[in-house]
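Student:
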Amino acid sequence: MKALVFVTLKSGVLDPQGKAIHHSAESLGFAGINDIRQGKYFEIFLDPSLDEAAAFAEATRLASEILANPVIEDYRVEIVK
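Quick look at the structure:
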């Protein structure tokens, strides 16, 4: 079983890397892009003996305590089999 964790900056938090990517995209001729926000993506491979609820709980705990800074970041956890 695998947990996917997506960590993104909260809205309202300045994202200079996202702004730089957006500027580069515009410079290369990409049109119709209003904004770009960058984030982090993690794949966590879990013990197959865990049921889906336990796997979700463990991945969520990891995300909240280690992977994301709760002051400036949000996170989302998905479990895939």
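For what it's worth, our numbering labels the leading residue of the sequence shown as 172, then goes sequentially. The C-beta atom is built at its ideal place from N, Cα and C for all residues, glycine as well. Computed from a predicted model, the values in this text were never measured in an experiment.
1) Could you tell me how far apart the beta carbons of residue 238 and residue 184 are, in whole angstroms, since I believe they sit closer than 8 Å?
2) Counting only the same chain and skipping the five closest in sequence on each side, list residues whose C-beta sits under 7 Å from that of residue 214.
3) Could you pull out every residue in the same chain whose Cβ sits closer than 8 Å to the Cβ of residue 190, ignoring the five residues on either side in sequence?
4) Which same chain residues, not among the five before or five after residue 233, have their C-beta less than 7 Å away from its C-beta?
5) Which residues in the same chain have their Cβ closer than 8 Å to the Cβ of residue 283, if we skip the five residues on either side of it in sequence?
Tutor: In brief:
1) In fact, because the Cβ distance is near 16 Å, the residues do not count as touching under 8 Å.
2) Here the set comprises 173, 175.
3) 207
4) If we look at residue 233 and ignore the five residues flanking it on each side, its Cβ neighbours are 215.
5) Residue coverage of the chain in this structure runs from 172 to 252, which leaves residue 283 outside it and unanswerable.
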